[in-house]
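Structure record follows, encoded as structure tokens.
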Amino acid sequence: LPKHFCLNFGSADKPEVFWQLEKSAEGISEACRKLNAPVISGNVSLSNEVNGVPVYPTPTIGMVGLVHDLSQTTTTEFKQAGDVIYVIGEAATEFGGSELQQMTEGKIFGQVPAIDLNVEATRQKQLLSAIQEGLVQSATDLSEGGFAVALCEKAFGTEGLGAGVTVSGSAVTALFSETQSRFLVTVKEEHAQAFEAAVTDAVKIGTVTDSDRIVINGDNGTLIDGSVEEFRTAWKGAIQCLLNSEA
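Given below as structure tokens:
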């Protein structure tokens, strides 16, 4: 799986920017070795600043892989009502650099979510094996916005389907934490037992429904209950809404 990377940073003459560049390169190198994904090319773009303020450090990676069997490709969207929904990996209270922090604080700061590359490699390997065995209907990673956003995105691709799930612990953490190495997966009911045996950190949280609604319950009742169309409109209109607010 060769990859190309681009490192976009502010002026490396500033010690804090040089530190960002150094740590990003070290992190990419460590991940490449652990995940057996070599970098074969790349470029660096520095001095990206606005009125003397550096852009956020933005390492960008493009990866190319080879799919030997197209029947084993797995897409994000829900496939059918009745499928079991699993989350792989637990959420931690980590909000440094997150979408929620940017929204509530107007800036990002603090410690970003930690990553254990051994855990990442193990979960990727187990999930890939489950996909190759035909046990997985859909899969996506939990990234920007956390669990709640990923769950909604899985419903956007298939008309008439929604989800009913239950999460535990802190509602904010469960819904919006961007803890690393986590995945949201759907599995046919008849494959649930085999999937649970194949993926050790998978936890059943609910089912795909034909209600066209997203319902997320917590320890003390319902946290989110709305139509898929309502969430799709908010998701697709985010850029326009932002531009209008800044006009």
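In this text, residue positions in the sequence shown follow the numbering used here: the first is 981, and each later residue adds one.
Every residue gets a Cβ at the ideal spot worked out from N, C-alpha and C, and that includes glycine.
Notebook entry, point to check: If you drop the 5 nearest sequence neighbours on each side, which residues of the same chain put their C-beta closer than 7 Å to that of Ile1194?
Noted result: Counting only Cβ-Cβ distances below 7 Å, and skipping sequence neighbours, we find Leu1131, Cys1132, Ala1135, Gly1142, Ala1143, Ile1204, Gly1206, Val1208, Phe1211.
Check: If you run the structure through DSSP and keep just helix, strand and coil, what is Ala1071?
Finding: Three-state DSSP puts Ala1071 in coil, outside helix and strand.
Note to self: For Ala1151 and Glu1079, I'd like the C-alpha separation in whole angstroms.
What the structure shows: Rounded to the nearest angstrom, the two C-alpha atoms are 16 Å apart.
Note to self: Could you compute how far the alpha carbon of Arg1013 sits from the alpha carbon of Glu1006?
What the structure shows: Straight-line spacing of the CA atoms in Arg1013 and Glu1006 works out to 11 Å.
Item checked: Rounded Cβ spacing between Leu1107 and Phe1163 (contact assumed at less than 8 Å) -> Between Phe1163 and Leu1107 the Cβ distance is about 6 Å, and since that is below 8 Å, they are a contact.
Next item on the list: Would you kindly work out how many angstroms separate the C-alpha atoms of Leu987 and Ala1172, rounded to a whole number?
Entry: Answer to the nearest angstrom: the Cα atoms are 41 Å apart.
Notebook entry, point to check: Secondary structure at Ser1027, three-state DSSP: helix, strand or coil?
Noted result: Taken through DSSP and simplified to helix, strand or coil, Ser1027 comes out as coil.
Next item on the list: Counting only the same chain and skipping the five closest in sequence on each side, list residues whose C-beta sits under 7 Å from that of Lys1168.
Entry: Asp1063, Gln1117.
Next item on the list: Use the C-beta contact count for Leu1046: other C-beta atoms within 10 angstroms, 16 or more gives buried, fewer gives exposed.
Entry: Exposed.
Margin query: Out of Ile1111, Ile1088, Thr1213, which one is the CA nearest neighbour of Tyr1056?
Written below: Note on identity: in this sequence residue 1056 is Thr, with Tyr being the wrong assignment. Of the listed residues, the one whose Cα sits closest to Thr1056 is Ile1111.
Notebook entry, point to check: Roughly how many angstroms lie between the CA atoms of Asn1200 and Val1129, to the nearest whole one?
Noted result: As the crow flies, the alpha-carbon of Asn1200 is around 21 Å from that of Val1129.
Note to self: Rounded to the nearest angstrom, what separates Gly990 and Val1024 at their Cα positions?
What the structure shows: Put simply, the backbone Cα of Gly990 is about 11 Å away from that of Val1024.
Item checked: Proximity of Gly1126 and Phe1156 at Cβ, strictly below 9 Å -> Gly1126 places its beta carbon less than 9 Å from that of Phe1156.
Next item on the list: Tell me whether Val1179 is buried or exposed, calling it buried when 16 or more other Cβ atoms sit within 10 Å of its Cβ.
Entry: Burial call: buried.
Margin query: Check this for me: beta carbons of Ile1196 and Thr1146, under 9 Å apart or not?
Written below: In contact: Ile1196 and Thr1146 (Cβ atoms closer than 9 Å).
Note to self: Check for me: the beta strand (DSSP E) holding Ser1150 runs from which residue to which?
What the structure shows: Boundaries cannot be given for Ser1150, as no beta strand (DSSP E) includes it and DSSP labels it neither H nor E.
Margin query: Here's a check: name, in chain order, each residue in its chain whose Cβ is nearer than 7 Å to the Cβ of Val1188, leaving out the five neighbours to either side.
Written below: Cβ within range, chain order: Phe1058, Gln1060, Ala1061, Gly1062, Asp1063, Ile1065, Leu1141, Ala1143, Thr1166.
Notebook entry, point to check: What does a CB cutoff of less than 6 Å around Ser1021 pick up in its chain, not counting 5 residues either side in sequence?
Noted result: Taken in chain order, the residues that qualify are His984.
Check: If you scan the stretch 1082 to 1110 from start to end, which runs of the beta strand (DSSP E) of 3 or more residues do you find wholly inside it?
Finding: Correct list: empty.
Notebook entry, point to check: In chain order, what residues of the same chain lie with their CB nearer than 6 Å to the CB of Glu1100, ignoring the 5 residues before and after it?
Noted result: The residues are Ser1161.
Check: Going by DSSP, what residues sit across from Thr1166 in a beta bridge?
Finding: DSSP lists Ile1065, Ser1118 as partners of Thr1166.
Note to self: Could you give the first and the last residue of the continuous alpha helix (DSSP H) run that contains Pro995?
What the structure shows: Counting along the chain, Pro995 sits inside the alpha helix (DSSP H) bounded by residues 995 to 1015.
Item checked: is_contact[Asp1192, chain C] using C-beta, thresh 9 Å -> Going by chain labels, chain C is absent from the structure shown, which holds only one protein chain.
Notebook entry, point to check: Among the residues of its own chain, which have a CB less than 7 Å from the CB of Leu1115, if the five just before and after it don't count?
Noted result: Exclusion of the five residues before and after Leu1115 leaves Val1167, His1171, Ala1174, Phe1175, Ala1178 as the residues of its chain whose Cβ lies within less than 7 Å of its Cβ.
Checklist line | Residues bridged to Ala1182 (per DSSP) | finding: In the DSSP output, where bridge partners are listed per residue, Ala1182 has Ile1068.
Check: Can you tell me where the beta strand (DSSP E) with Leu1203 in it begins and where it stops?
Finding: That run of the beta strand (DSSP E) goes 1201 to 1207.
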